Structure formats: C-alpha cells, structure tokens
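Student: Chains as they are written, first to last, in the numbering used here: chain A, 9 to 254; chain B, 32 to 95.
Note that CB positions come from ideal geometry on N, CA and C, so glycine has one too.
All values reported here derive from a predicted model rather than from experimental measurement.
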Amino acid sequence: MPTPTKGPRVGGGPAHERLILANLATSLFEHDRITTTEAKAKRLRPLAERLITFAKRGDLHARRRVLTVVRDKGVVHRLFAEIAPDMAAREGGYTRVTKIGARKGDRAPMVVIELVREPLSAKKATVKEAEGATKRAVKEADAAEAVEATEATEATDATEAAEVTEPVEADAASSAQDADAKEVPAGAVVANEDGTSPDEAYTVKGNADSGKFHEPDGQWYDQTVAEFWFKSADDAEAAGFTKAGS
Amino acid sequence: MAVPKRKTSRSNTRSRRANWKATPTTLTTCPSCGAAAQPHIACPSCGTYKGRHYAVAERTEHQA
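1. What's the C-alpha gap between A/Glu245 and A/Lys251?
2. Below 7 Å on C-beta distance, what does B/His71 contact in chain A?
3. Under 8 Å, with one C-beta from each stretch per pair, do the stretch 23 to 42 of chain A and the stretch 83 to 98 of chain A reach the 3-pair mark?
4. With a 10 Å radius around its C-beta and 16 neighbouring C-beta atoms as the bar for buried, classify A/Met118 as buried or exposed.
5. The alpha helix (DSSP H) with B/Asn43 in it runs from where to where?
6. Residues in the same chain with beta-carbon distance under 8 Å from A/Thr142, minus the five sequence neighbours each way, listed in chain order, please.
7. Can you list, in chain order, the residues of its chain with a C-beta nearer than 7 Å to that of A/Val120? Leave out the 5 residues immediately preceding and following it.
8. Please classify B/Met32 as buried or exposed, where buried requires at least 16 neighbouring CB atoms within 10 angstroms.
9. Compile a chain-ordered list of the residues in the stretch 47 to 81 of chain A whose CB is closer than 9 Å to at least one CB of chain B.
10. Whose Cβ in chain B lies nearer than 7 Å to the Cβ of A/Val120?
11. Work out the CA separation of A/His24 and A/Glu126 for me, nearest whole Å.
12. Which same chain residues, not among the five before or five after A/Ala30, have their C-beta less than 6 Å away from its C-beta?
13. Please say whether A/Ile91 and A/Ala63 have beta carbons closer to each other than 8 Å?
14. State the Cα-Cα distance for the pair A/Gly140 and A/Ala154, rounded to the nearest angstrom.
15. Since A/Ala196 is in the beta strand (DSSP E), which residue starts that stretch and which ends it?
16. Does DSSP put A/Arg73 in a helix, a strand or coil?
17. Compute the beta-carbon to beta-carbon distance between B/Ala68 and B/Pro75, rounded to the nearest angstrom, for a pair I have assumed lies under 8 Å.
18. Name the residues in the stretch 220 to 252 of chain A whose C-beta lies less than 8 Å from a C-beta of chain B; which are they?
19. When the distance is taken between beta carbons, is A/Asp150 closer than 8 Å to A/Gly195?
20. Name the residue from B/Cys64, B/Ala73 and B/Val34 whose alpha carbon lies nearest to the alpha carbon of B/Ala88.
21. With DSSP collapsed to three states, give me the class of A/Gly140.
22. Here's the rule: buried if 16 or more other CB atoms are within 10 angstroms of the residue's CB, otherwise exposed. What is A/Arg51?
23. Can you give me the start and stop residues for the alpha helix (DSSP H) that A/Leu123 sits inside?
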C-alpha cells in the first residue's frame with residue numbers, strides 16, 4: 009500500500025486537491041506572501057519548496073517539471089529568474105509560516121506563508137563578526153597585561169588601582185541613572201538608560217530581574233532589556249547569573 | 032436499525048454535559064507592544080511576531 013500524503017486532505021477529490029495546491033503555489037510565487045488557512049499552508053509548504061529546488065537547478069527539464077504544476081509562464085519565469093537566485097545560499101527552509109489567529113466567521117486558524125528571500129543569516133554573520141572582535145580585544149588585553157606583568161611592580165599596582173576605580177565609577181553611574189539601581193556585580197557594567205551597552209567590549213546582556221544572562225547568539229537576546237553588561241559568559245556566571253534557557 | 036430503548040433522562044443528559052468545560056486561553060505579553068497575545072501567534076494589537084510585522088494579523092477590538 010502506498011504511503012498516504014502527509015497532512016490533511018483539501019478539496020473535493022484528487023483533481024480538486026491538485027488544482028488548489030497548484031493555485032496556491034502560483035499565488036505564492038507571484039506575491040511572495042499569501043494568507044491562507046493553516047491546513048492549506050501545511051500542504052503547500054512541501055510542494056512550494058520542491059518547486060523552488062527545481063528552480064535552483066534552473067535547466068529546461070526542471071522548468072518543464074515546474075510548468076506541470078504552475079501553469080503560468082510569467083510566474084515560472086519570476087520563480088526561476090528572481091526567486092531562485094535569492095535562495096542559492098539556502099539549503100531548504102525556503103518558506104516561513106506565521107500564525108495570525110483565527111478567521112472571523114468559521115474560526116479557521118489562519119497563517120501567512122511567505123518566501124524567505126532575505127539573505128541567509130545576515131544576523132548570524134554580524135554576531136560572528138562581533139564575537140571575533142571581542143576575542144581579539146580580550147587577546148590584546150591579555151597581551152598588554154602580560155607585558156605589564158613583566159615590568160616593574162609599580163605598573164601592576166597601577167593596573168590594580170585602575171581595576172578598583174572602575175567599579176566605583178560604574179556605581180556612581182548607576183546611582184546617577186537610577187535612584188534604586190541594584191548593586192553592580194563584579195565584572196559587569198551598568199547599561200545605558202535605553203539598555204544598550206556602554207562599551208563595545210561588553211557584549212553579554214544580564215537581566216537583573218531574572219538573574220539570567222544572554223549571549224549575542226541567544227534566542228532571547230534581542231528582546232532582553234539589559235540592566236548589566238558582561239564581557240563574556242564566564243564573567244556573567246562568576247557574578248551569579250545563569251545562562252538563559254538552562 | 033438499532034435505536035435506543037429508553038429516553039435519556041434529564042439527569043443523565045445534564046451529568047454528561049457537566050463535563051463540558053471551557054479552559055482559559057493561554058496568554059503571553061507581546062514583547063514589542065506589551066498587549067496580551069497568544070503564544071506562537073502574531074500579536075493581534077500590533078501585528079508583530081519575532082520582530083517581523085504582519086498587517087493582516089492586526090485586529091481591532093470590534094473584530095477580535
């Protein structure tokens with residue numbers, strides 16, 4: 009017995025189902041983003057992704073295979089000429105389904121299904137760049153410290169003095185910013201009033217309310233309003249913060 | 032065709048229906064506008080989901 013198609017059945021029969029899915033795929037490639045029910049989107053997604061895979065292949069045979077589903081030559085041209093190049097770096101996951109709540113009338117769960125055409129992981133690339141910069145900064149700082157350690161003890165005293173004065177400054181800043189600011193943990197700096205980092209070297213967000221810290225590649229990093237910033241995850245852990253999601 | 036022999040008593044009907052219970056909808060606060068929103072669904076007041084905006088998700092109080 010052949011394995012049944014995954015997902016709910018749509019339409020009144022096999023031919024009607026094929027027609028509905030073909031029309032949905034055509035509209036999706038024409039408009040980039042369509043609103044439909046969750047059931048139809050779940051059936052459309054594998055079909056649309058397969059057609060995009062054909063489009064990425066780009067030869068005449070692939071074009072004819074796509075034309076058996078999407079009958080509109082203009083839409084197929086758009087798929088091959090405009091959409092496929094955007095998906096070149098992406099390995100699957102060409103579509104994105106976002107739930108938008110129930111439809112008025114029959115309470116059918118509605119979704120927006122859209123083509124993911126933004127460049128692949130632009131955010132991740134910037135995060136990696138930032139991490140590299142942080143690592144380099146730490147290395148340079150370590151090297152500088154090592155050089156100072158080899159010098160006279162007076163120099164070490166000076167660096168110690170600098171380290172001692174830094175938290176005091178941070179305390180002063182916190183009291184200036186917020187009257188009931190909490191005590192600043194070791195290795196942390198108080199965030200600016202809008203929650204941004206006061207120093208580019210401090211990249212890890214600390215949430216004083218939850219006692220958790222967020223690294224730049226973390227799931228909740230963007231939505232977290234930081235009270236404190238740490239230089240690294242180890243600093244945050246040393247200050248008694250736990251990793252978010254653990 | 033098989034048919035019930037006895038009328039279902041009011042008592043039986045009501046005790047069966049007494050187990051039909053409504054559950055409260057799970058709600059979270061929208062990170063961008065602070066309004067109540069269902070998890071994993073775009074916010075109905077501002078249309079935002081994971082930093083992306085969906086105008087079709089927006090509902091007025093009358094529509095909700």
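Tutor: Inspection of the coordinates gives the following:
1. 8 Å
2. Lys107
3. Segments in contact, yes.
4. buried
5. That run of the alpha helix (DSSP H) goes Arg41 to Arg48.
6. Excluding residues within five positions, the ones whose Cβ falls inside 8 Å are Ala209, Thr211, Lys239 and Ser240.
7. Arg41, Thr43, Thr106 and Ile108
8. exposed
9. none
10. Taking the beta carbon of A/Val120 as reference, the chain B residues within 7 Å of it are Tyr85 and Val87, listed in sequence order.
11. 33 Å
12. Val77
13. yes
14. 21 Å
15. Start and end: Ala196 to Val198.
16. helix
17. For B/Ala68 against B/Pro75, the beta-carbon gap comes to about 6 Å, under 8 Å, which counts as contact.
18. Asp230 and Gln231
19. no
20. B/Ala73
21. helix
22. buried
23. Counting along the chain, A/Leu123 falls outside any alpha helix (DSSP H), though it belongs to the beta strand (DSSP E) covering Pro117 to Leu123.
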